[in-house]
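See structure below.
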Amino acid sequence: MQMIKKRWCIKEPDKETQRLLSQELGISPIVAQVLINRGIKDLEQAHQFLFPSLSHLHSPLMMKNMEKTLERIIKAIFENEKIIIYGDYDVDGITSVAVLITFLREVNADVSYYIPHRLSEGYGLNSEALEKISSLGTNLLVTVDCGIMDFQEIDFAQRNGIDVIITDHHEIPDVLPPAYAILNPKQKGCNFPFKSLAGVGIAFNLIIALRTKLRDMGFWNNQKVPNLKEYLDLVALGTIADIVPLTDENRIFVKFGLEQLTNSSRPGIVALKKVSGLKDAVITPGMVGFRLAPRINAAGRLSKGDDSARLLITKDLKEAEDIASVLDLENTERQQIENCIIEEAKGLVEDNEGLLSRKTIILASHDWHPGVIGIAASRLAEEYYKPTVMISMDGGIGKGSARSIEGFHLYEGLKCCADLLKGFGGHKYAAGLTIDEINIPGFQNLFEEVVKKTLSEEDFIPRIRIDANINLSELTEGFLGKLEILSPFGPSNPEPTFCSSVLSISDSAVVGNGHLKLKVKEGGILYDAIGFNMGKDIFSLNQCIKAAFVPQVNDWNGTRTIQLRLKDIQVVG
Numbered sequence: 011m012q013m014i015k016k017r018w019c020i021k022e023p024d025k026e027t028q029r030l031l032s033q034e035l036g037i038s039p040i041v042a043q044v045l046i047n048r049g050i051k052d053l054e055q056a057h058q059f060l061f062p063s064l065s066h067l068h069s070p071l072m073m074k075n076m077e078k079t080l081e082r083i084i085k086a087i088f089e090n091e092k093i094i095i096y097g098d099y100d101v102d103g104i105t106s107v108a109v110l111i112t113f114l115r116e117v118n119a120d121v122s123y124y125i126p127h128r129l130s131e132g133y134g135l136n137s138e139a140l141e142k143i144s145s146l147g148t149n150l151l152v153t154v155d156c157g158i159m160d161f162q163e164i165d166f167a168q169r170n171g172i173d174v175i176i177t178d179h180h181e182i183p184d185v186l187p188p189a190y191a192i193l194n195p196k197q198k199g200c201n202f203p204f205k206s207l208a209g210v211g212i213a214f215n216l217i218i219a220l221r222t223k224l225r226d227m228g229f230w231n232n233q234k235v236p237n238l239k240e241y242l243d244l245v246a247l248g249t250i251a252d253i254v255p256l257t258d259e260n261r262i263f264v265k266f267g268l269e270q271l272t273n274s275s276r277p278g279i280v281a282l283k284k285v286s287g288l289k290d291a292v293i294t295p296g297m298v299g300f301r302l303a304p305r306i307n308a309a310g311r312l313s314k315g316d317d318s319a320r321l322l323i324t325k326d327l328k329e330a331e332d333i334a335s336v337l338d339l340e341n342t343e344r345q346q347i348e349n350c351i352i353e354e355a356k357g358l359v360e361d362n363e364g365l366l367s368r369k370t371i372i373l374a375s376h377d378w379h380p381g382v383i384g385i386a387a388s389r390l391a392e393e394y395y396k397p398t399v400m401i402s403m404d405g406g407i408g409k410g411s412a413r414s415i416e417g418f419h420l421y422e423g424l425k426c427c428a429d430l431l432k433g434f435g436g437h438k439y440a441a442g443l444t445i446d447e448i449n450i451p452g453f454q455n456l457f458e459e460v461v462k463k464t465l466s467e468e469d470f471i472p473r474i475r476i477d478a479n480i481n482l483s484e485l486t487e488g489f490l491g492k493l494e495i496l497s498p499f500g501p502s503n504p505e506p507t508f509c510s511s512v513l514s515i516s517d518s519a520v521v522g523n524g525h526l527k528l529k530v531k532e533g534g535i536l537y538d539a540i541g542f543n544m545g546k547d548i549f550s551l552n553q554c555i556k557a558a559f560v561p562q563v564n565d566w567n568g569t570r571t572i573q574l575r576l577k578d579i580q581v582v583g
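Add 10 to a position in the sequence shown, counting from 1, and you land on the number used in my numbering.
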């Protein structure tokens, strides 16, 4: 498969605003232009973005139902009621569980947790689990990163004398479940200004509010009040792993959370970094996304997320090291299963001209592990740039993971297909669903029609948003150092991307697993360039190109050089 053609969207410099921001904030014009390109144009907004502070966090009491939630949890603490934290099995859910369990145990609450088994129980609340929880004498159930779609299950819990507080960040259904209270910034009437928190961000806001309320009540008297900054390693893990926008509160959580991850003494984090080969590393979002988070996810993907939760909750280093070793092995197994599914799925698409010509990819198999089809869907959506659904079938029921592309709101699209689905939930770009196997062909056709009506032909050409056109001679370590003030990078704050003037190719090779390695020349000076997964396109020596790229420092054997990480290449002439 050839590389998909891409649209280069080069931002026109806003010289006046650029000059203002540069002078007033003491930043370089190129940094000012990147801010403008991110929609940040006034001084106060720019200052808060560049110099985030924990004091910039919004008041949790602005969140609808927060006061009611606090009153019920504090009642449970003082009356020694049994509390269960019910979490999703992904990194966001597991870190949310760890945040609440750790804090509530600090205030001597009678609290434990429940994480469902992905294969036997599936996502969200289920009646069998609630029966077990009820038999324990549970008075209060707090969901994290799940619950907003579980109407019948919450009704069951309430009827069995369990008050349910939902904390969830997923899209809100038309009819809310009958919970005691719901914390979700997306619900109507919620004045909390930032709507894109991960589940762990909501959990952290809850413990901020709890600490304030308990402190005002004199709970600690002259004892040490819990330092919530120490929780930010967990908050950063869940926030980065859930791929939410790194703006507003999420940017603050990640900025300070990465520092906490780097220096954390939490046994689970220490052990996790060790098995990930990051023992003494300065932790970056990439390290979280590609090395730490997958190991936490591994247990929940292949079996049950309890091990990952225990890893993050335990205070015993030996126990943490034992659990981390198991997770490391499970992650290796997960990678092997995932690679087989991806290769099989790509073969199904490539070998079927009818599938290739469609605007969507919906594939189903009885042989696919439901725990890794989400990763496979992400890879296919990225490679073919089409909304993609991967379905694992068992016993006449399909469990699906869906991923989207820019311009198509996945949750809204699935709502149009609701009559064919047993259930669904999620976000703009990622969702899960269940479906009767007999309805899959109808769903394939209806979803295809929904996408075709929503998107234009141009929408299927991925955009590369380019911050500026620059000469490679401008790329120095000093230049890259100035860009660092914009970090941490991630969704809604991508790494600054530039495009070159005309370059000539001096060397071209395919290295590793299909990666393109080039030496390019500008003004007689050679620069190294690497294009990951771009080795399928062949380039000739002395061929003239323009490159879209992210500049980076390549530190190899003690030698530091500037390297271009290629995002796209356009042949000139």
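Note that beta-carbon positions come from the ideal geometry of N, C-alpha and C, so glycine has one too.
Asked, Found
"Proximity winner among Gly522, Leu513 and Lys78, relative to Lys531 (alpha-carbon distances)", "Leu513"
"Cross-strand partners of Met403 (DSSP beta bridge)", "Gly408"
"Runs of alpha helix (DSSP H) lying entirely within the stretch 203-229, each at least 4 residues, in chain order", "209-226"
"At least three beta-carbon pairs within less than 8 Å, the stretch 198-206 to the stretch 124-136", "no"
"Contact between the stretch 446-457 and the stretch 469-486 (3+ Cβ pairs under 8 Å)", "no"
"Three-state class that DSSP yields for Ile415 in the structure shown", "coil"
"Within 8 Å, strictly: CB atoms of Ser106 and Ala213", "yes"
"Cβ contact (3+ pairs, closer than 8 Å) linking the stretch 253-270 and the stretch 485-504", "yes"
"Residue(s) in a DSSP beta bridge with Val520", "Leu526"
"Coarse secondary structure for Arg17, derived from DSSP in three states", "strand"
"Complete beta strand (DSSP E) runs within the stretch 14-61 (minimum length 3 residues, chain order)", "17-20"
"C-beta atoms of Val152 and Leu110 nearer than 8 Å", "yes"
"Pro501, DSSP secondary structure in three states", "coil"
"Spatial distance of Pro380 from Leu129 (CA atoms)", "7 Å"
"Whether Gln55 touches Gln43 by CB criterion (8 Å)", "no"
"Buried or exposed (CB count within 10 angstroms, at least 16 for buried), Met544", "buried"
"Three-way DSSP call (helix, strand, coil) for Phe549 in this model", "coil"
"Reduced DSSP secondary structure (H/G/I, E/B, other) of Glu532", "strand"
"Nearest-angstrom Cα separation, counted from Phe434 out to Ala428", "8 Å"
"First through last residue of the alpha helix (DSSP H) which encompasses Ser375", "Careful: Ser375 lies outside any alpha helix (DSSP H), inside the beta strand (DSSP E) at Ile371 to Ser375."
"N-terminal and C-terminal residue of the beta strand (DSSP E) that Arg82 is part of", "Run containing Arg82: none in the beta strand (DSSP E); it sits in the alpha helix (DSSP H), Met76 to Phe88."
"Member of Cys156, Val280 and Asp173 whose CA lies at the smallest distance from the CA of Pro183", "Cys156"
"Residues near Gln162 by beta carbon distance below 6 Å, same chain, minus five either side", "none"
"Buried/exposed call for Ile87, threshold 16 Cβ in 10 Å", "buried"
"Proximal residues to Pro236 (C-beta, below 7 Å), its chain only, five neighbours per side dropped", "Phe113, Glu116 and Arg221"
"Stretch-stretch touch, CB-based, cutoff 8 Å, three pairs: the stretch 399-416 with the stretch 460-475", "yes"
"Cα-Cα separation between Thr249 and Met76, rounded to whole angstroms", "21 Å"
"Glu353 vs His68 beta-carbon contact at 8 Å", "no"
"Under 8 Å between C-beta atoms of Val210 and Asp102", "yes"
"Counted within 10 angstroms of its Cβ, other Cβ atoms place Asn170 as buried (16 or more) or exposed", "exposed"
"Pairwise C-alpha distance: Ile448 and Lys284", "47 Å"
"Stretch pair the stretch 368-375 + the stretch 330-338: three plus CB contacts closer than 8 Å", "no"
"Complete alpha helix (DSSP H) runs within the stretch 115-163 (minimum length 4 residues, chain order)", "137-145"
"Rounded C-alpha distance that separates Ile306 from Asp100", "8 Å"
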